[in-house]
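Residue numbers (the numbering used here), protein chains in the order written: chain A, 29 to 491; chain B, 30 to 121.
Where is the CB? At the ideal position from N, CA and C, for every residue including glycine.
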Amino acid sequence: MNGHIIVELAYLLSAILFVVGLKRLQSPATARAGNAIAAAAMLIAIVTTMVDNQILSWTEIIIGLMIGGLIGGISSYAVKMTAMPQMVGLFNGFGGGASALVAIAEFVTLKGQIGVGTHGISVMATVIIGGVTFSGSMIAFLKLQEWMTGNPIVYPLQKTLNALLFLAALATGIFALGVGHVGDPWTMFWILTAISLVLGVTLTIPIGGADMPVVISLLNSYSGLAGAAAGFVVMNMVLIIAGALVGASGIILTMIMCKGMNRSLANVAFGAFGGTAHIDKSQIGKRPVKRADAEMVAAELGYVHSVIFVPGYGLAVAQAQHELRKVGDLLEARGVDVKYAVHPVAGRMPGHMNVLLAEADVPYNKLFDRDEINDDFPDTDAVLIIGANDVCNPAARDPKSVIAGMPIMDVDKARRTIVMKRSLSPGFAGIDNDLFYNDNNLMFFGDAKNSLAELVKAIRELP
Amino acid sequence: MGELMIALYVFTLATLAGREVITKVPPTLHTPLMSGSNAISGISIVGALIVAGRTHGTLELILGVAAVAMGTINVVGGFLVTDRMLAMFKKR
Numbered sequence: 029m030n031g032h033i034i035v036e037l038a039y040l041l042s043a044i045l046f047v048v049g050l051k052r053l054q055s056p057a058t059a060r061a062g063n064a065i066a067a068a069a070m071l072i073a074i075v076t077t078m079v080d081n082q083i084l085s086w087t088e089i090i091i092g093l094m095i096g097g098l099i100g101g102i103s104s105y106a107v108k109m110t111a112m113p114q115m116v117g118l119f120n121g122f123g124g125g126a127s128a129l130v131a132i133a134e135f136v137t138l139k140g141q142i143g144v145g146t147h148g149i150s151v152m153a154t155v156i157i158g159g160v161t162f163s164g165s166m167i168a169f170l171k172l173q174e175w176m177t178g179n180p181i182v183y184p185l186q187k188t189l190n191a192l193l194f195l196a197a198l199a200t201g202i203f204a205l206g207v208g209h210v211g212d213p214w215t216m217f218w219i220l221t222a223i224s225l226v227l228g229v230t231l232t233i234p235i236g237g238a239d240m241p242v243v244i245s246l247l248n249s250y251s252g253l254a255g256a257a258a259g260f261v262v263m264n265m266v267l268i269i270a271g272a273l274v275g276a277s278g279i280i281l282t283m284i285m286c287k288g289m290n291r292s293l294a295n296v297a298f299g300a301f302g303g304t305a306h307i308d309k310s311q312i313g314k315r316p317v318k319r320a321d322a323e324m325v326a327a328e329l330g331y332v333h334s335v336i337f338v339p340g341y342g343l344a345v346a347q348a349q350h351e352l353r354k355v356g357d358l359l360e361a362r363g364v365d366v367k368y369a370v371h372p373v374a375g376r377m378p379g380h381m382n383v384l385l386a387e388a389d390v391p392y393n394k395l396f397d398r399d400e401i402n403d404d405f406p407d408t409d410a411v412l413i414i415g416a417n418d419v420c421n422p423a424a425r426d427p428k429s430v431i432a433g434m435p436i437m438d439v440d441k442a443r444r445t446i447v448m449k450r451s452l453s454p455g456f457a458g459i460d461n462d463l464f465y466n467d468n469n470l471m472f473f474g475d476a477k478n479s480l481a482e483l484v485k486a487i488r489e490l491p
Numbered sequence: 030m031g032e033l034m035i036a037l038y039v040f041t042l043a044t045l046a047g048r049e050v051i052t053k054v055p056p057t058l059h060t061p062l063m064s065g066s067n068a069i070s071g072i073s074i075v076g077a078l079i080v081a082g083r084t085h086g087t088l089e090l091i092l093g094v095a096a097v098a099m100g101t102i103n104v105v106g107g108f109l110v111t112d113r114m115l116a117m118f119k120k121r
């Protein structure tokens, strides 16, 4: 009895430390310690479980821990910061997979005689959520890694088929519990497992590359829910608490991403960008623009008081964050006030751009999110936009536009804008950007990395 | 009050606590938040240890050990990669 109380108190301590650890993530100054606290909480939970349960198969479990630890450890050091979204997606899938396997093992242990009740329902729910998380995350990984097309894969009756698959999963789950004696519970259970895996794939393939931040966040939430459901299976409170925390976190990030793209979750989940079909694209890029080279841009930036950088997806793709930081340092050395404005959906997952800039040694107190910095643009001498498009498109203020109401950076209110881009091609929304044709805008064409390197040279040569 | 109801209370209150804590995380830290919370979702390793540890049956053991390995990848990889990112955040 006393031993049992100690075990429960250890689990309680673990749950408390998870919350404390997450709380420390509220500031960059305390975040690293917070992550360490959460890791300690995990260690306490694992050790407690191993001490509390009479483990019959130590060898096999230690082999499992070593294999997992080795793979996780090596990949976490090998991964590039630009590849972080797919890495998180992959880890996420393994978490969901682990939860599903726990439920499957439980079904096997009970020899298929699980019965209707909380326990049985939890097992089925864990298989569905865990299975969808696993296969959905694998598809997200393949898309982000560009091992499969990033374009939405669509086919007729897609939504109907997904709805039918979901209903089939529910039905087989109920039959696997022995309700109505439809079929053999084992057969039903394996069909349920297969359907869950297929459903994860069919739910993820129609979602396009630009919407990946939403999907990654949503799958993150699912992996937490799968963990919590597995907690109901083995009736372990720390599993339920930690799973619930992650579930909440993922949903909040999903909503922030949807808001940043001005779209509803249903819209992301069930279709590509709405309405682009009837836009006249023939005029895109046909109007005259003012072109600039590195020397002109250097002169525009080198003699003013304030400059704001707006980095976007193009900067991440070109891995040009180090060159951008050099430009920032050189301008600061000339007495220019330099800030970085980061839109919530810049990069390929929530907060991705901040990590890329941190990697390039840009201090975090120079990074501002859209809501913090948007009022500063009218008082800014020059704004340098690198590989961003839709998030700076003034068309968002036009109620008739497809991006109407999208939260944009009001860069066009600055005295001078300079857009660095490969061409005048439209962004993910598929529409032209009036910003490019403004009187006070200059276009600096080229690959972000090369152009920024030229700019570094040109600023150094300024008198 | 049955075990199920207690578990439901715990789940609901933990979700609310999570919402309170996480809405205050600034956008700068959203990627580390995601990878860190992702590592926490590897908590299913606790369930995996329970099912893998109690059995002699071959199939259950294979399933359990696979779950342990997957959970460990999630936990170890998740916390280490988060630490690597957070180490880069510096103030000036």
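S70(B) to S127(A), Cα distance in whole Å? 9 Å
Opposing strand residues paired with I414(A) [DSSP bridges]: P339(A) and M448(A)
Quick one: any contact between the stretch 338-357 of chain A and the stretch 366-374 of chain A, if contact means 3 or more CB pairs under 8 Å? yes
Against chain A, with Cβ distances strictly below 7 Å, would M114(B) count as a contact? yes
Would F34(B) pass as an interface residue toward chain A - the criterion being a Cβ-Cβ separation below 7 Å? Correcting the residue type first, residue 34(B) is Met in the shown sequence and not Phe. It does not: the Cβ of M34(B) has no partner Cβ on chain A nearer than 7 Å.
Three-state secondary structure assigned by DSSP to A369(A): strand
Residue burial classification, I33(A) (beta-carbon count within 10 angstroms, cutoff 16): exposed
Give a yes or no on whether the C-beta atoms belonging to D409(A) and V332(A) are separated by under 7 Å. yes
Taking the C-alpha atoms as reference points, what is the distance between F118(B) and K367(A)? 16 Å
Rounding to the nearest angstrom, what Cα-Cα distance links I268(A) and V75(B) in this structure? 11 Å
Just the Cα atoms here: how many angstroms apart are R121(B) and V390(A)? 9 Å
Taking 7 Å as the threshold (beta carbon to beta carbon), is T111(B) in contact with chain A? yes
Scan the stretch 84-101 of chain B for residues whose Cβ lies nearer than 8 Å to a Cβ of chain A and list them as they occur along the chain. T84, H85, G86, L88, E89, L90, L92, G93, V94, A95, A96, V97, A98, M99, G100 and T101
Taking the alpha carbon of P454(A) as the point to measure from, which residue in S55(A), N417(A) and H380(A) has its own alpha carbon closest? N417(A)
Can you give me the Cβ contacts of S429(A) inside the same chain, cut-off strictly under 6 Å, excluding the 5 residues immediately before and after it? A423
Which residues of chain B have a Cβ atom closer than 7 Å to the Cβ of R353(A), listed in chain order? Neighbours of R353(A) on chain B: none; closest Cβ ~12 Å, over 7 Å.
When the Cα atoms are used, what is the spatial distance from G288(A) to D403(A)? 17 Å
Using the C-alpha atoms, what's the distance from G278(A) back to H209(A)? 38 Å
For A481(A), which of D365(A), L225(A), R319(A) and M448(A) has the nearest alpha-carbon? M448(A)
Spatial distance of V296(A) from A322(A) (CA atoms): 39 Å
Please list, in chain order, all residues of the same chain as M434(A) whose beta carbon is under 6 Å from its beta carbon, the five residues on each side excluded. N290 and A424
Near-chain B residues of the stretch 132-152 of chain A (beta-carbon distance less than 8 Å), N- to C-terminal order: I132, A133, E134, V136, T137 and T146
Beta-carbon proximity list for K441(A), same chain, < 6 Å, skipping 5 on both sides: F405 and P406
Taking Cβ positions only, does I33(A) come closer than 7 Å to chain B? no
Are the C-beta of G164(A) and some C-beta of chain B separated by less than 7 Å? no
Return the residues of the stretch 103-114 of chain A that lie within a Cβ-Cβ distance of less than 8 Å from chain B, sorted by chain order. S103, S104, Y105, V107, M109 and M112
Could you tell me whether the Cβ of Q349(A) comes closer than 7 Å to any Cβ of chain B? no
Going straight from the alpha carbon of A59(A) to that of S103(A), what length do you get? 22 Å
Cβ-based burial, G31(B) [other Cβ within 10 Å; buried from 16]: exposed
Give me the chain B residues within the contact set of F260(A), using Cβ-Cβ distance strictly less than 7 Å, ordered along the chain. A36
Could you tell me how far apart the beta carbons of A348(A) and L483(A) are, in whole angstroms, since I believe they sit closer than 8 Å? In fact, because the Cβ distance is near 10 Å, the residues do not count as touching under 8 Å.
For N290(A), the three-state DSSP class (helix, strand or coil): coil
Say whether chain B places a C-beta atom closer than 7 Å to the C-beta of A300(A). Residue placement at A300(A) is poorly supported in this model, since its pLDDT is 49, which falls under 50; the coordinates still yield a value, given next. It does not: the Cβ of A300(A) has no partner Cβ on chain B nearer than 7 Å.
Tell me which same chain residues have a C-beta within less than 6 Å of the C-beta of V182(A), skipping the five on either side of it? P234
Listed by chain order, chain B residues near I44(A) by CB distance under 9 Å: Per Cβ cutoff of 9 Å: no residues; I44(A) is ~10 Å from chain B at best.
If you draw a straight line from the C-alpha of A116(B) to the C-alpha of A386(A), how long is it? 9 Å
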